[in-house]
Amino acid sequence: MASAVRIVLLTGGSSGIGAETARMLSLAGMKVYAGSRRGTVSKECEGNELIVPVVLDVNDQASVDTVVASILEKEGRIDAVVCNAGNGIAGAVEQTSVEEAKYQFETCFFGAHRVIRAVLPAMRAQHFGRIITISSVAATVPIPYQTFYSSAKAAVLIYTKALSLEVKGFGIQCCSILPGDTKTGFTAARKATAASEDTSSVYYETFRKSVGRMEHDEQNGMPASKIARAIVRQLQKRRMAATVTPRIDYKAINFLVRILPTRLMLWIVGLLYA
Ligand SMILES: NC(=O)c1ccc[n+]([C@@H]2O[C@H](COP(=O)([O-])OP(=O)(O)OC[C@H]3O[C@@H](n4cnc5c(N)ncnc54)[C@H](OP(=O)(O)O)[C@@H]3O)[C@@H](O)[C@H]2O)c1
367 MASAVRIVLL TGGSSGIGAE TARMLSLAGM KVYAGSRRGT VSKECEGNEL
417 IVPVVLDVND QASVDTVVAS ILEKEGRIDA VVCNAGNGIA GAVEQTSVEE
467 AKYQFETCFF GAHRVIRAVL PAMRAQHFGR IITISSVAAT VPIPYQTFYS
517 SAKAAVLIYT KALSLEVKGF GIQCCSILPG DTKTGFTAAR KATAASEDTS
567 SVYYETFRKS VGRMEHDEQN GMPASKIARA IVRQLQKRRM AATVTPRIDY
617 KAINFLVRIL PTRLMLWIVG LLYA
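Per our numbering, residue 367 is the first one in the sequence shown, and the count goes up by one each step.
See below:
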């Protein structure tokens, strides 16, 4: 059956998972408005008539409202949003200021909320909508030194589940994708908190070792196409899954986190990262 989704607003379309998602959605015949602060698309997507690059900052309400209004004016509808824009900050909890923690939530959590809130009236009016958020395996596995990233992604996950209950009566479905380590520009874009640069700090050595290991795993992780394929597949379904964790090993990790006693789970995570 051909997908009912024709017009998609994708955030974070200039790089990594978003760039690959834009390409694959277009191959599936969907028209994608690919938003990012750079407002660019990858080389592979340049000149593709089904991919429209747009300048969009999910941290800025006016930018979100302008983009949503202009798509609605041109297309008359937005069938799906993929809230993928994200960034990472790293640092021990004690070495993360409230402002730095807020910045993490600003893009990963409130950024998604701004976009979703802006498209919901149109989706309700058309009695059709598909909302995909990009959470992370870090939403279920607590990652030390990326505590605020883990927390923001956990917030996105529970938000998406709760939202699905509020909007299902309006023909709107929600799905959260939980990627594990994926090789993208995310690693290079990650910022350390200011205080975590202090080489004399008691956290410094463990922080560097842990984050170094995480970065190594990301750069040796899945290709972005693995996550993009999962997103496209959900948008082609009549009924989306509530959550999707791509790749069998990450599915197993998510399952173990749910069934293991918390102390045992934390001990295992600590062996890896603390
Ligand atoms: N890579 C992984 O291992 C991994 C694992 C789990 C989950 N994820 C999640 O996957 C999503 C995509 O990340 P990625 O790995 O593909 O990283 P990436 O290559 O760094 O891409 C991040 C995208 O987000 C955009 N972005 C950042 N801040 C933005 C803002 N304020 N407004 C609009 N766009 C913004 C960036 O574009 P501009 O800089 O041009 O704005 C870029 O297109 C993120 O939500 C990330 O948390 C990644």
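C-beta atoms are modelled at their ideal positions from N, C-alpha and C, and glycine is treated no differently.
Using only alpha-carbon positions, find the residue among the options that is nearest to residue i.
i: T506; options: G636, R629 and L622; result: L622
i: I444; options: Q427, V481, E460 and E412; result: V481
i: G401; options: E532, S530, E441 and C449; result: C449
i: I538; options: R483, S501, K397 and G546; result: R483
i: S463; options: A561, S591 and R604; result: A561
i: I543; options: M396, V577 and R595; result: R595
i: G546; options: A618, K527 and T432; result: A618
i: Y569; options: M390, V418, L375 and V459; result: V459
i: E390; options: V434, T377, N425 and E410; result: Inspection of the sequence shows that residue 390 is occupied by Met rather than by Glu. For the residues V434, T377, N425 and E410, the minimum Cα distance to M390 belongs to E410.
i: G405; options: G395, Q427, D431 and L376; result: L376
i: Y525; options: K534, F475 and F494; result: F475
i: S591; options: G382, Q602, A370 and I373; result: G382
i: V447; options: V407, A558, G454 and K397; result: K397
i: F552; options: A607, E465 and H582; result: H582
Where does residue i fall in DSSP's three states?
i: L523; result: helix
i: T377; result: strand
i: Q512; result: coil
i: A451; result: coil
i: S501; result: coil
i: Y399; result: strand
i: A370; result: coil
i: K440; result: helix
i: T506; result: coil
i: V430; result: helix
i: T609; result: strand
i: N620; result: helix
i: V568; result: coil
i: A324; result: The structure shown does not extend to residue 324, since the chain is modelled only from 367 through 640, so no value can be given for it.
i: N425; result: coil
i: T473; result: helix
i: K409; result: helix
i: R604; result: coil
i: A385; result: helix
Per DSSP, residue i forms a beta bridge with which residues?
i: M489; result: Per DSSP, none; premise fails for M489.
i: R496; result: A446 and Q539
i: T548; result: M588
i: I625; result: Note: I625 sits in no beta bridge, so no partner.
i: P419; result: A400
i: K557; result: I455
When burial is assigned at 16 or more other CB atoms within 10 Å of the CB, is residue i buried or exposed?
i: A478; result: buried
i: E571; result: exposed
i: E386; result: buried
i: D423; result: buried
i: E584; result: buried
i: I509; result: buried
i: M367; result: Because the pLDDT at M367 is just 44, under 50, the model does not fix this residue reliably, and the value given afterwards should be weighed accordingly. Exposed: under 16 other Cβ atoms inside 10 Å.
i: T611; result: buried
i: T565; result: exposed
i: Q461; result: buried
i: R496; result: buried
i: S576; result: buried
i: P419; result: buried
i: K519; result: buried
i: L486; result: buried
i: Q512; result: buried
Check whether the Cβ of residue i lies closer than 8 Å to any Cβ atom in chain C.
i: Q461; result: Although the question refers to chain C, the structure presented lacks it and comprises just one protein chain.
Would you check whether ligand 3 has a heavy atom nearer than 7 Å to the C-beta of residue i?
i: G378; result: With respect to small molecules bound, the structure shown includes ligand 1 and not ligand 3.
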